[in-house]
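Here is the structure we will look at.
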Amino acid sequence: NAGVTQTPKFRVLKTGQSMTLLCAQDMNHEYMYWYRQDPGMGLRLIHYSVGEGTTAKGEVPDGYNVSRLKKQNFLLGLESAAPSQTSVYFCASSSYRGSNEQYFGPGTRLTVT
Amino acid sequence: SQQGEEDPQALSIQEGENATMNCSYKTSINNLQWYRQNSGRGLVHLILIRSNEREKHSGRLRVTLDTSKKSSSLLITASRAADTASYFCATAQSGSEKLVFGKGMKLTVNP
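In order, the protein sequences belong to chains A and B. Under the numbering used here, think of the first position of the first sequence as 28, with each following residue one higher. Under the numbering used here, think of the first position of the second sequence as 2, with each following residue one higher.
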C-alpha cells in the first residue's frame, strides 16, 4: 500500500496563477483533510471531507476550494494564488471516525512569488 | 486557533537521556494524540490516549493524560539520535470530526 500520496511535491507559482493539489489514499478511508504548515504556526486545517461528495470548511478556508468526487481522492484548488499562500501543504486521511489517528502524505511545498 | 500548546518549544538532550514534552489544552476532549515529524516529511502518528485513560505505553513512549488539569505529557525513554524531530500534540474534541494540532516542539538528541 502506498498510503497517502500527494502531487506535486514542489511548485512555484506567480501571483494570480491557479493550480490544483492532488491527494490520493489507498486505505479506503472516509475522512480526508487538507492542512497548511507555516513556521511557528503548527498545522492549520483548510478544508476536510467526511466522505465521497462532501466537503467542509476548516480553520483557514479562504482562497481555497476542494472537491471529493471519488472516495480515494481529495483535491485542493487555488484559484488565484497569493504570496500569503506560500506554505507546505499536507493531506491526511482517517478511517471511520475522524478523531482516529490520521495518516499524512509527504507534503507539497508551494511558493507563490 | 490552536487547542494544544506544547512545552517546551525546543529541547536538546544527549543520547540515552529521557525526553519529556508537555501539552496543555483548553476544552473537553475525546482523545489526545501525539505525532512526530522528521524534517521535510509528513507527520507520523505515535500514540493515542482516550479521555478515560490516564496512562499509555508504546515501546519507549509513555503518555499520561490529566483531564482535570487539561494536560498531557509524552516521555521518550533512552532517547536516540533518530528521535530528533518535531513533536505535535493533537486533540479531538467530543463529537468533532477534526483534530486540532498544537504548534509543535523540536527535540534534538545529540549523539
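Heads up, the beta-carbon is just placed ideally off N, CA and C, and yes, glycines get one too. In this text, all values refer to a predicted model and were calculated from it rather than measured experimentally.
In three-state terms, what does DSSP make of residue i?
i        : result
B/Asp84  : helix
B/Gln94  : coil
A/Ser111 : helix
B/Asp67  : strand
A/Arg95  : coil
B/Leu75  : strand
B/Ser40  : coil
B/Val110 : strand
B/Glu6   : strand
Which residues in chain B sit within 7 angstroms of residue i, going by Cβ to Cβ distance?
i       : result
A/Val77 : Glu98
A/Tyr58 : Glu98
A/Leu72 : Lys99
Just to confirm the assignment, what range does the beta strand (DSSP E) spanning residue i have?
i        : result
A/Leu105 : 100-105
A/Ala29  : Looking at the DSSP string, A/Ala29 is not in any beta strand (DSSP E), and its letter there is neither H nor E.
B/Ile30  : No beta strand (DSSP E) contains B/Ile30, which DSSP labels as neither H nor E.
B/Glu56  : 56-59
B/Leu12  : 11-15
A/Gly69  : 69-76
Could you tell me the alpha carbon to alpha carbon distance between residue i and residue j, rounded to whole angstroms?
i       : j        : result
B/Ala52 : B/Thr92  : Reading the sequence as shown, one finds Ser at residue 52 of chain B and not Ala. Their backbone Cα atoms lie some 10 angstroms apart in a straight line.
A/Leu48 : A/Asn55  : 20 angstroms
A/Tyr75 : B/Tyr88  : 23 angstroms
B/Thr68 : A/Tyr123 : 25 angstroms
B/Ser2  : A/Ser126 : At B/Ser2, the pLDDT of 47 sits below 50, so the modelled position is not reliable; the number obtained from the coordinates is stated separately. Distance between the alpha carbons of B/Ser2 and A/Ser126 is about 17 angstroms.
B/Arg63 : A/Met46  : 42 angstroms
A/Lys36 : B/Ser74  : 33 angstroms
A/Met59 : B/Ala83  : 29 angstroms
Quick one, which of the options has its alpha-carbon nearest residue i's?
i        : options                                : result
A/Met68  : A/Leu137, A/Ser114, A/Ser126, A/Cys118 : A/Ser114
B/Phe102 : A/Phe37, A/Tyr58, A/Arg63              : A/Arg63
A/Leu102 : A/Thr140, A/Thr135, A/Pro110           : A/Thr135
A/Leu137 : A/Asn28, A/Asp65, A/Tyr60              : A/Asp65
B/Val110 : B/Glu7, B/Gly17, B/Tyr26               : B/Gly17
B/Arg55  : B/Pro9, B/Val45, B/Lys70, B/Arg61      : B/Lys70
B/Thr21  : B/Arg61, B/Asn32, B/His46, B/Leu33     : B/Arg61
A/Ser120 : B/Lys99, B/Cys24, B/Gln94              : B/Lys99
A/Leu105 : A/Gln52, A/Gly78, A/Glu128, A/Ile73    : A/Ile73
Taking C-beta pairs closer than 9 angstroms, name the residues in chain B that residue i reaches, listed in chain order.
i        : result
A/Glu129 : With the sequence shown as reference, residue 129 of chain A is identified as Gln, and Glu is not the correct amino acid for it. Within 9 angstroms Cβ-Cβ: Gln34, Tyr36, Leu44, His46, Ala91, Leu100.
A/Phe117 : Gly43, Leu44
What residues from chain A crowd round residue i, counting only those whose CB sits closer than 8 angstroms?
i        : result
B/Lys104 : Gly67, Met68, Gly69
B/Leu66  : Within 8 angstroms Cβ-Cβ: nothing; B/Leu66 doesn't reach chain A, min ~15 angstroms.
Please compile the residues from chain A whose C-beta is within a distance smaller than 7 angstroms of the C-beta of residue i.
i       : result
B/Asn31 : Ser126
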